[in-house]
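Only one structure is covered here, and it is reproduced in the block below.
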Amino acid sequence: MKIRVPATTANIGPGFDTMGIALNLYNYFELGEKSEEETLADIAFQKYFEYIGKDVPNYSVKISDAQIPIARGLGSSASLIVGGIALANNLNGNYLSDIELLEIAIEVEGHPD
0 MKIRVPATTA NIGPGFDTMG IALNLYNYFE LGEKSEEETL ADIAFQKYFE YIGKDVPNYS
60 VKISDAQIPI ARGLGSSASL IVGGIALANN LNGNYLSDIE LLEIAIEVEG HPD
């Protein structure tokens, strides 16, 4: 399974942090063998299973193609969180609603924007 997450920005003139858009730039994620190194995507993946009260499967989230630049205001960290949560939800039969997925993402990110 492969997940595609777009770059995003909310730095839009007078709509700064009130409007957001997705851009035609993506990070691609897939599950791989468990590794020692833990990424933000792995943390989000684990939080999903903690949220639903299930054991975390023995996988790591792998970035198969990273197109979103880091530290440029394009949501690279948000893409890691969404990628991890989306893979977990897909693996679990799309069990949770969008609102529940957002709650997990906010918990991992620490803020809703």
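Throughout the sequence shown, residue numbering follows numbering that gives the first Met the number 0, covering 0 to 112 in sequence. Each residue gets a CB set at the ideal place from its N, CA and C atoms; glycine is no exception. Keep in mind that this is a model prediction, so the values were computed, not measured.
Next on the checklist: Using a 10 Å radius around the Cβ and a threshold of 16 neighbouring Cβ atoms, would you call K46 buried or exposed?
Outcome noted: K46 is buried by the Cβ-count criterion.
Next on the checklist: Quick check on DSSP: helix, strand or coil for G74?
Outcome noted: Here G74 sits in coil by DSSP.
Checklist entry - If you draw a straight line from the C-alpha of G109 to the C-alpha of V60, how long is it? => result CA-to-CA, the gap between G109 and V60 works out to about 20 Å.
Next on the checklist: Taking DSSP's pairing of strands, which residues face I2 in a bridge?
Outcome noted: Under DSSP, I2 shares a beta bridge with F28.
Checklist entry - Closest by CA to I84, which one among G52, G31, E99? => result Ranking G52, G31, E99 by Cα distance to I84 puts E99 first.
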